[in-house]
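Protein chains in written order, with the working numbering: chain A, 1 to 534; chain B, 535 to 715.
Each residue gets a CB set at the ideal place from its N, CA and C atoms; glycine is no exception.
Remarks on the structure that follows.
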C-alpha cells in the first residue's frame, strides 16, 4: 500500500481526526486540496455515536505496535501498549556497553563494548526502496548514514584457497567466462545461429566487459604496455600500489581458470544484486534503535513495560479482555478494549492462552520461525582498515560463519571497533546457538581468523545473540513456504473478531523493519474501516 | 486419491454430465500423480498438470552387444530381456543428458517382435523382467503408464524391441529468498 493510498483510505472514514493523519503521513509534501477533497469524509462510527474514543490494546511495543499506536493516536483512538521487556523496539535493538540479555536457559550476558560502539543484533540495514521506514526516519529526524553493503576490497575465503579480494574473484570469474563465451562465438560453437554482425557485437561486448585481449584472452597484465580493463578490474597488489617516480604499482596475478571454477565464487557474487540488498542502503547514525527510540518518544507514555500478556479473551459484546502480568510487581490484572492489535511473533503467541477461532489458532501454531544468530566482536584495533584497507562492507566465506560485517562508522578511529563475526541462519544458527557464549566466541574466532589472522591478538570482547533463544522472540522471523503462504497467510491476515494480528510475519517483507511498518499501516486501515462500520 | 468421479455425483448431476463436457466435472490435477492399483507393476493412468514441460524420446532400440557377432545371430543384440535392458539404459542416458532420470518417466510405449529363437512367440515376459529392473524398484519407485504392443516387424530384423518414453520435467524447487535484514 502506498502512503498516498493509505492516506486516501483513512480519509474516507477518518472524520476530522484524519486530517492530522493525512498531514503527518504525507511526509513528502502536504496533501493537495484535490486529494483531500477526493473522498467524502464519514465520521468513525464508534466515536461519533457515544463520543467515547475507541480503545485499542496493542500487544508488543516493537516497531509494528508503536507505529500502529502512533497512527491510531493521530486518528483519535486511545491506545495502550503492553510490552514484556523493559525496553521498546523488539528486534529493532542495539546493544551497547552495559546492556544485558539472558537467553532461554542461558546465563546473563553483559555487553562490554567501549563507549560509542554497538552492534545491531537484529535488522541492521535499510534498502533505499523501503519507503515507509525512510519516511519515518525523515519525519522523526533520525539521522542516516550509508550502510556499506558491498565492498570490492573485502575478502572471499573458500575452502582450499587463500583469501582473495571480492574484486579479484569477480574479475577472474567474469574474465574467464567472457573469454570462453567469446571464443565459442568466434568458433560458431553455439547452438544458436548468429549473423556475422551479431557475433561481432557480442564479442565486442564481452571484450569490453572483461577487458579481453585482442586474441580474446583474459590476461590482466602489470605490464604498462599491455595494461587493459582486465588489469584495472583485478587491481593492484596492496603491498605495491601505484605511487610516484618509478612506482607504477603491480597488478595482482589472476588465479587460473580451474581454480576459479572450482572455488564457486559465483555463489556470493549475486548478493548485492538482490532487490533487497542493493546499494544504496542506510543505517541510523548511532544504532538501529534510534528508530525505536524516536517512536518511543512519541508513544512511550502509553507503553506498559515489563508487562507480559497472559490471556487474550473475546467478550460477549464483541470487545477484548486481556489478562496481563506485571513482571516487576508479580501481579496480574485485567484490561479491556474495543480492539486488540497483537504483534507478538507467532513463535511466542502460540503459547499464550487466547480465544482465537480454531483456524486462526491452528495457523498460528503451524508457521515456523527461522533460527538466526549474530555475534559482535569488539577488537582493540581496526586492523581490517589499517592493515587490509577494508572500510565497511562484507567479507564472505563458505565456512558456517558465512560473513563478516565491518562497521560502517568510526572509520580509522583509535578505539577499535565492533565487527559482526557471524550471521547465521537455519541449522548453522541452531547449532551455534546451542553452544555456550565462550564457545560461540571461539567458533567465530576459529573461522574468522582464517580471513584475518589479527583476530586473536586484537580481540577485546564479544556479545552473541541466538534469536531462537531470545525470550519474547523465539526466532528471527517467520518462514513462509509457498503452501503456508497460500493456506495460512490469508487466515492470519483476517481479523479474528476484534483481534488483529500484525507484524513482519504478515507481510511479504519478512524480517525487515519495513514489514513491521507495512503491517501496521494495513492493520490500522482495516481496524479503522471496521470501527467506522461499527 | 483414486476416487471415481461418478461416486460423488447425484443422478441429476450424472444426467447433466452426459450433456455437458465431461472435463467440466473433472478436477484438474495439481501434481503429477500415478493412478492405479498398488500391486500392479504399471500405473493405470498418470495425470500431468498444465504448464509442465515434457520430453518425448524417439523409438529407442537396443545397442549392439557384440560388434563381431554376425547379423542375425543371437549374440549380436541378445534376447528380448537383454534388448529391453539395453534400450532402457539408452533411454536413461538420454534422460540424464536432459537433466532428467527414469523417475521422471510417466509413459512407455513398447513394440515387441516375435522371437524366432523362441518358437516365433512374443517374449512379453522377457520384456516385463527387463522393465522390472528399472521401474517400481527400491531405487525408483515410479511406475509409469505403459502400453506393450506386439508388431510384425521393426526396422532391423534383429531388433526384438523398441521403446518410446515420455518424461515430465520436475518443477524447479521454489527459491524463496531468505531475508537478511
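Same chain, Cβ closer than 6 Å to residue i, neighbours up to 5 away in sequence not counted
i              : result
residue 617(B) : 596, 611, 694 and 695
residue 169(A) : 156 and 265
residue 268(A) : 396
residue 417(A) : 382, 407 and 410
residue 455(A) : 445, 448 and 449
residue 349(A) : 364
residue 231(A) : 220, 221 and 251
residue 663(B) : 615
residue 435(A) : none
residue 172(A) : 254, 255 and 260
Any C-beta of chain A under 8 Å from that of residue i
i              : result
residue 715(B) : yes
residue 583(B) : no
residue 610(B) : no
residue 563(B) : no
residue 704(B) : no
residue 680(B) : no
residue 586(B) : no
residue 628(B) : no
residue 711(B) : yes
residue 535(B) : At residue 535(B) the pLDDT is 40, less than 50, meaning the model places this residue with poor confidence and gives no usable figure here.
Chain-order list of residues whose beta-carbon lies under 7 Å from that of residue i (same chain, five-residue window excluded)
i              : result
residue 412(A) : 382 and 385
residue 600(B) : 609 and 610
residue 45(A)  : For residue 45(A), the pLDDT reaches just 39, beneath the cut-off of 50, and the residue's location in the model is therefore unreliable, leaving the point undetermined.
residue 274(A) : none
residue 68(A)  : 58, 341, 502, 520, 523 and 524
residue 692(B) : 605, 606, 610 and 611
C-beta neighbour in chain B for residue i, strict 8 Å
i              : result
residue 540(A) : Outside the modelled stretch of chain A, which goes from 1 to 534, sits residue 540(A), for which no answer is possible.
residue 427(A) : no
residue 192(A) : no
residue 513(A) : yes
residue 123(A) : yes
residue 274(A) : yes
residue 369(A) : no
residue 118(A) : no
C-beta neighbour in chain D for residue i, strict 8 Å
i              : result
residue 597(B) : Chain labels in this structure do not include chain D; the protein chains are A and B.
Any non-hydrogen atom of the ligand MN within 7 Å of residue i CB
i              : result
residue 344(A) : Ligands are entirely absent from the displayed structure, and the ligand MN is therefore not among its contents.
Proximal residues to residue i (C-beta, below 8 Å), its chain only, five neighbours per side dropped
i              : result
residue 186(A) : 199, 203 and 216
residue 450(A) : 157, 163, 397 and 399
residue 352(A) : 309, 310, 311, 312 and 344
residue 458(A) : 379, 380, 381, 383 and 416
**Request:** Tell me, please, whether the region 321–337 of chain A touches the region 121–128 of chain A by the rule of three or more beta-carbon pairs shorter than 8 Å.
**Result:** no
Touching by the beta-carbon criterion (3+ pairs, under 8 Å), the region 292–307 of chain A and the region 83–96 of chain A
yes
Checklist line | Whole runs of the alpha helix (DSSP H) within the region 360–394 of chain A, excluding any shorter than 4 residues | finding: 383–386
Practice prompt. Just list the alpha helix (DSSP H) runs in the region 171–253 of chain A, keeping only unbroken ones of 4 residues or longer that don't cross its boundaries, in chain order.
Written response: 196–210 and 229–234
Taking contact to mean 3 or more Cβ pairs, one atom from each stretch, closer than 8 Å, check whether the region 647–665 of chain B and the region 614–630 of chain B are in contact. yes
Output the residue ranges of the beta strand (DSSP E) runs that lie fully inside the region 264–339 of chain A and measure 3 residues or longer, sorted by chain position. Within the region 264–339 of chain A, the complete beta strand (DSSP E) runs of at least 3 residues are 281–284, 307–314, 320–326 and 331–337.
- Query: Enumerated in chain order, which unbroken segments of the alpha helix (DSSP H) with a length of 4 residues or greater are wholly contained in the region 431–501 of chain A?
  - Reply: 437–448, 455–458, 482–487 and 489–493
With contact counted as at least three CB pairs below 8 Å, one residue from each stretch, are the region 422–437 of chain A and the region 392–402 of chain A in contact? The region 422–437 of chain A, when compared against the region 392–402 of chain A, does touch it at the 8 Å Cβ threshold.
Exercise. If you pair each beta-carbon of the region 583–603 of chain B with each one of the region 677–685 of chain B, do three or more pairs fall below 8 Å?
Worked result: no
Tell me whether the region 388–399 of chain A and the region 156–165 of chain A touch, counting them as touching only if at least three CB pairs, one residue from each stretch, are closer than 8 Å.
yes
I'd like the ranges of any beta strand (DSSP E) spanning at least 3 consecutive residues and lying wholly in the region 557–622 of chain B. 567–569, 579–581 and 588–590
Worksheet entry | Short-range partners of chain B found in the region 59–88 of chain A, where Cβ spacing is below 7 Å | none
Q. Of the residues that make up the region 488–514 of chain A, which ones have a beta carbon closer than 9 Å to any beta carbon in chain B?
A. 504, 509, 510, 511, 512, 513 and 514
Exercise. Would you check if the region 316–330 of chain A and the region 360–367 of chain A touch, i.e. whether three or more CB-CB distances between them fall below 8 Å?
Key: Too few Cβ pairs lie closer than 8 Å, so no.
Original post:
Is the number of C-beta pairs between the region 229–239 of chain A and the region 185–199 of chain A that are closer than 8 Å three or more?
Top reply: no
Q. Which residues, in chain order, does the region 408–433 of chain A contribute to contact with chain B at a C-beta distance below 9 Å?
A. Within the region 408–433 of chain A, contact with chain B at the beta-carbon level (separation under 9 Å) is assigned to 423, 425 and 426.
| said: Would you call the region 458–471 of chain A in contact with the region 485–495 of chain A, where contact means no fewer than 3 C-beta pairs closer than 8 Å? | reply: no
#### Entry: Three-pair Cβ contact test at 8 Å for the region 627–637 of chain B versus the region 587–595 of chain B
yes
Exercise for review: Evaluate the contact criterion for the region 106–125 of chain A versus the region 440–450 of chain A: three or more CB pairs, one atom per stretch, below 8 Å.
Suggested key: no
Is there contact here, the region 245–257 of chain A with the region 685–694 of chain B, by at least three beta-carbon pairs under 8 Å? no
Exercise for review: Would you mind listing the alpha helix (DSSP H) stretches within the region 102–162 of chain A that are 4+ residues and don't spill past its ends, in chain order?
Suggested key: 131–140
For the region 277–287 of chain A against the region 74–83 of chain A, do three or more pairs of beta-carbon atoms, one drawn from each stretch, fall closer than 8 Å, so that the two count as touching?
no
Unbroken beta strand (DSSP E) runs of length 3 or more, entirely within the region 46–99 of chain A: which are they?
-> 55–59 and 78–82
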